[in-house]
Amino acid sequence: MNTTQLKNDEKAVFALRELYGRYGYIPYKMSKFEEYDLYVRNKDFLISDSVITFTDTNGKLMALKPDVTLSIVKNSRDGEGVQKLYYHENVYRVSGSTHTFKEIVQAGLECIGEIDDYCVYEVLMLAAESLRRIADTCVLDISHMGILSALLEGVPATAAQQILRCVGDKNVHELASVCDTAEVAPATRDLLVQLVGLCGKPVAVLPRLGELLQNTAAAGAYEELCTAVCAFDGTALSDMLRIDFSVVSDARYYSGIVFKGFVDGVPESVLSGGRYDHLMRKMHRRSDAIGFAVYLDRLERLGDSDRPFDVDAVLLYGDKDTPATVARAVQALSQTGSVTACRTRPEKVAFRQLWQLNGEEAQLIEDHA
Amino acid sequence: MKTMLNIALPKGRLGEKVLARFEKAGFPCPAIHETNRKLIFENPEAGVRYFWVKPSDVAIYVERGAADIGVAGKDILLEYRPDVYELLDLKLGICRMAVAAPKGFRDDPRRTLRVATKFARIAGDHYAARGRDIDIIHLNGSIEIAPILGLSDVIVDIVETGTTLKENDLEVVETVVPISARLIANKAAGKFKAEAIDALVRGMAQQTED
Numbered sequence: 002m003n004t005t006q007l008k009n010d011e012k013a014v015f016a017l018r019e020l021y022g023r024y025g026y027i028p029y030k031m032s033k034f035e036e037y038d039l040y041v042r043n044k045d046f047l048i049s050d051s052v053i054t055f056t057d058t059n060g061k062l063m064a065l066k067p068d069v070t071l072s073i074v075k076n077s078r079d080g081e082g083v084q085k086l087y088y089h090e091n092v093y094r095v096s097g098s099t100h101t102f103k104e105i106v107q108a109g110l111e112c113i114g115e116i117d118d119y120c121v122y123e124v125l126m127l128a129a130e131s132l133r134r135i136a137d138t139c140v141l142d143i144s145h146m147g148i149l150s151a152l153l154e155g156v157p158a159t160a161a162q163q164i165l166r167c168v169g170d171k172n173v174h175e176l177a178s179v180c181d182t183a184e185v186a187p188a189t190r191d192l193l194v195q196l197v198g199l200c201g202k203p204v205a206v207l208p209r210l211g212e213l214l215q216n217t218a219a220a221g222a223y224e225e226l227c228t229a230v231c232a233f234d235g236t237a238l239s240d241m242l243r244i245d246f247s248v249v250s251d252a253r254y255y256s257g258i259v260f261k262g263f264v265d266g267v268p269e270s271v272l273s274g275g276r277y278d279h280l281m282r283k284m285h286r287r288s289d290a291i292g293f294a295v296y297l298d299r300l301e302r303l304g305d306s307d308r309p310f311d312v313d314a315v316l317l318y319g320d321k322d323t324p325a326t327v328a329r330a331v332q333a334l335s336q337t338g339s340v341t342a343c344r345t346r347p348e349k350v351a352f353r354q355l356w357q358l359n360g361e362e363a364q365l366i367e368d369h370a
Numbered sequence: 129m130k131t132m133l134n135i136a137l138p139k140g141r142l143g144e145k146v147l148a149r150f151e152k153a154g155f156p157c158p159a160i161h162e163t164n165r166k167l168i169f170e171n172p173e174a175g176v177r178y179f180w181v182k183p184s185d186v187a188i189y190v191e192r193g194a195a196d197i198g199v200a201g202k203d204i205l206l207e208y209r210p211d212v213y214e215l216l217d218l219k220l221g222i223c224r225m226a227v228a229a230p231k232g233f234r235d236d237p238r239r240t241l242r243v244a245t246k247f248a249r250i251a252g253d254h255y256a257a258r259g260r261d262i263d264i265i266h267l268n269g270s271i272e273i274a275p276i277l278g279l280s281d282v283i284v285d286i287v288e289t290g291t292t293l294k295e296n297d298l299e300v301v302e303t304v305v306p307i308s309a310r311l312i313a314n315k316a317a318g319k320f321k322a323e324a325i326d327a328l329v330r331g332m333a334q335q336t337e338d
């Protein structure tokens with residue numbers, strides 16, 4: 002298939018569907034609407050808590066889906082082994098920069114059931130591969146919510162949220178003062194400050210992290226992080242992994258590995274995911290789960306280059322030319338690129354070549370290449 | 129080719145001060161000192177491009193990736209919550225966000241408190257934390273006259289020396305949050321220009337400590 006006419010997000014969708022299908026993930030199709038109640042109960046899980054609602058004919062308050070994961074979890078069942086699903090859906094939520102509702106194209110996958118070390122690796126690997134399908138230069142930042150949660154055990158919820166925000170902003174100068182105000186033990190405070198500064202390739206970061214977390218409540222989570230990341234050793238993807246604790250997600254929903262993907266040329270993350278066992282428990286499921294979403298709308302300006310021409314060729318024809326003659330000439334020209342046929346020279350179309358139909362033959366009269 | 133670091137500078141006195149620090153940190157740009165009306169200056173040898181923007185716009189340039197690095201007041205970061213890294217407190221432009229009211233003002237808890245401010249989110253969060261019901265009146269300037277004319281009971285605004293408040297018979301009732309200039313970075317730039325950004329942060333941190 003010729004993909005040169007496709008937009009970045011469309012190209013990505015083709016590539017991602019092929020990738021996820023290859024690893025046994027099944028496409029998951031869902032309705033555009035969901036009962037509003039689902040989102041009210043899990044408001045904090047949503048990126049933006051504003052939802053477009055309407056009353057259905059039966060009086061139920063419905064919402065245009067702002068998120069896909071919640072719907073998938075709602076329809077999941079315990080005891081069905083590991084379910085591997087992928088989706089490509091439109092969601093509706095407030096855009097961070099414009100503060101207005103936007104239709105956002107999102108792709109992603111969810112792995113639900115008995116999640117073992119291989120499942121965690123596979124999802125991380127597919128996240129990394131997804132980024133590579135989108136751009137040549139990319140980075141997958143990985144963290145573990147269990148490490149931060151263990152260190153913040155016993156800290157009041159409001160202070161813990163402030164601390165997590167400082168960690169997410171790499172704001173060391175305020176992190177220490179928030180910890181002091183919340184009476185976090187000085188040793189834990191210093192540890193948190195060091196975690197923020199620890200970022201880089203796993204091979205450099207993990208040994209130092211191991212020393213720091215030795216004999217702390219976070220040692221178990223550290224082992225999990227090591228197991229997942231070390232599975233990449235010797236693979237081509239290992240070079241794009243970074244340990245970075247500024248990847249923080251809501252600890253009420255996310256329980257383990259969390260990650261964010263960046264590609265060179267897009268100023269924000271294009272992929273986000275993690276292990277969300279806590280959300281599963283909140284929704285009364287025994288199964289564990291891990292997944293991620295790729296924000297396809299953010300790829301719009303990736304590799305943005307001004308297209309000098311709208312079409313490759315314009316074919317001018319006259320009153321005497323029959324539709325069949327014009328069609329044959331268009332057919333011939335379309336072998337080498339896009340063609341538009343018209344009677345008069347188009348004013349607002351940038352074209353590479355201008356052709357004039359003369360009898361059966363098209364003659365080149367302008368070439369701007 | 130050397131990685132170019134794009135730095136958004138806030139126009140004005142603060143911008144001049146931070147520029148001096150950036151240059152001392154190893155990112156000089158002789159062209160920026162020439163007298164002209166240009167807004168963008170670059171020094172390819174040092175791998176830096178500076179541009180002057182309105183102080184309140186710096187965070188937008190950085191969040192959207194037009195700038196890799198910028199300097200923004202904590203007030204802007206708290207009000208607009210841009211998704212950026214906040215890497216350093218530069219300890220410049222120090223002031224505070226405060227609640228001010230006419231001298232002798234007493235808050236009547238039976239009534240909704242009318243608050244005039246440019247910083248609706250900061251004021252809203254401050255009073256929400258204490259469960260006080262308020263009515264926010266969003267103004268864009270001359271906030272001090274709002275309580276004098278009876279438009280509001282108090283104001284929430286930036287206070288540097290307090291002279292403007294004094295001259296309008298207002299006084300600080302409480303401090304909401306201390307404010308100073310912060311070094312911010314775009315989150316994606318932090319991944320792909322990490323080396324240059326780290327070098328710059330180290331150079332700036334050293335000067336902050338001195």
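Chains as they are written, first to last, in this note's numbering: chain A, 2 to 370; chain B, 129 to 338. Glycine residues also receive a C-beta, built at the ideal position from the N, C-alpha and C atoms.
In the DSSP secondary-structure assignment, Cys200(A) is bridged to Asp245(A).
Ranked by how close their Cα comes to the Cα of Ile250(B), the residues Ala153(B), Ile307(B), Pro230(B) and Asn134(B) have Ile307(B) in first place.
In the DSSP annotation of this structure, the continuous segment of the alpha helix (DSSP H) that includes Tyr119(A) starts and ends at Asp118 to Ile135. Leaving aside the five residues that flank Gly318(B) on each side, the residues in its chain whose CB is nearer than 7 Å to its CB run, in chain order, Tyr213 and Ile325. His279(A) counts as buried, since no fewer than 16 other beta carbons sit within 10 angstroms of its beta carbon. Following the DSSP letters along the chain, one finds Met63(A) inside the beta strand (DSSP E) bounded by residues Leu62 to Leu65. Here DSSP, grouped into helix, strand and coil, assigns Ala313(B) to strand.
In the DSSP annotation of this structure, Val95(A) is not part of any alpha helix (DSSP H); the continuous beta strand (DSSP E) holding it starts and ends at Gln84 to Val95. Listed in chain order, the non-local C-beta contacts of Ala274(B) below 7 Å within the same chain comprise Ala244, Ile265, Leu267, Ser280 and Ile283, local neighbours out to five positions each way being set aside. At a Cβ-Cβ threshold of 8 Å, Leu71(A) and Leu110(A) do not count as neighbours. Spanning the alpha carbons of Gly252(B) and Gly143(B) requires a straight line of approximately 29 Å.
Looking at the DSSP output, Ala177(A) bridges to nothing. Closer than 8 Å to the CB of His100(A) there is not a single CB belonging to chain B.
Taking 8 Å as the threshold, the shortest C-beta distance from Gly175(B) to chain A does not fall below it. The beta-carbon distance between Gly221(B) and Ala309(B), rounded to whole angstroms, is 4 Å. This is short enough to meet the 8 Å contact definition. In this structure, the CA atom of Ala16(A) is about 10 Å from the CA atom of Leu132(A). In the three-state scheme derived from DSSP, where H, G and I count as helix and E and B as strand, Pro138(B) is classed as strand. For Lys319(B), a Cβ of chain A is located within less than 8 Å of the residue's own Cβ. Across the stretch 132-149 of chain A, CB contacts with chain B closer than 9 Å involve Thr138, Cys139, Val140 and Asp142, in sequence order along the chain. For the stretch 237-267 of chain B, the set of residues with a beta-carbon nearer than 9 Å to any beta-carbon of chain A comprises Ala257, in chain order. Around the beta carbon of Tyr119(A), fewer than 16 other beta carbons sit within 10 angstroms, so the residue counts as exposed. Interface annotation, Glu269(A): in contact with chain B, CB-CB separation under 8 Å. By alpha-carbon distance to Asp285(B), the top candidate from Lys202(B), Cys157(B) and Ala327(B) is Lys202(B).
Apart from sequence neighbours up to five positions away, the residues of its chain that approach Ser256(A) with a beta-carbon distance below 7 Å are Met146, Gly147, Arg276, Tyr277, Asp278 and His279, ordered along the chain. Here DSSP, grouped into helix, strand and coil, assigns Asn9(A) to helix. Neighbourhood of Gly201(B) in chain A, by CB distance below 7 Å: empty, with the nearest CB roughly 14 Å away.
Taking a Cβ-Cβ threshold of 7 Å, the residues of chain B close to Asp170(A) are Tyr213 and Glu214, in chain order. By the C-beta density criterion, Gly198(B) is buried, having at least 16 other C-beta atoms within 10 angstroms. Under the three-state reduction of DSSP, Ile73(A) is assigned to helix. For a Cβ distance threshold of 9 Å, nothing in chain B lies close to Asp278(A): the least Cβ distance comes to about 26 Å. Taking 8 Å as the cut-off, the Cβ atoms of Glu269(A) and Ala218(A) do not count as close. When secondary structure is reduced to three states using DSSP, Ser308(B) falls in the coil class, being assigned neither helix nor strand. When CB distances to chain B are screened at a threshold of 9 Å, the residues of the stretch 250-269 of chain A falling below it are Lys261, Phe263, Val264, Asp265, Gly266, Val267, Pro268 and Glu269, in chain order.
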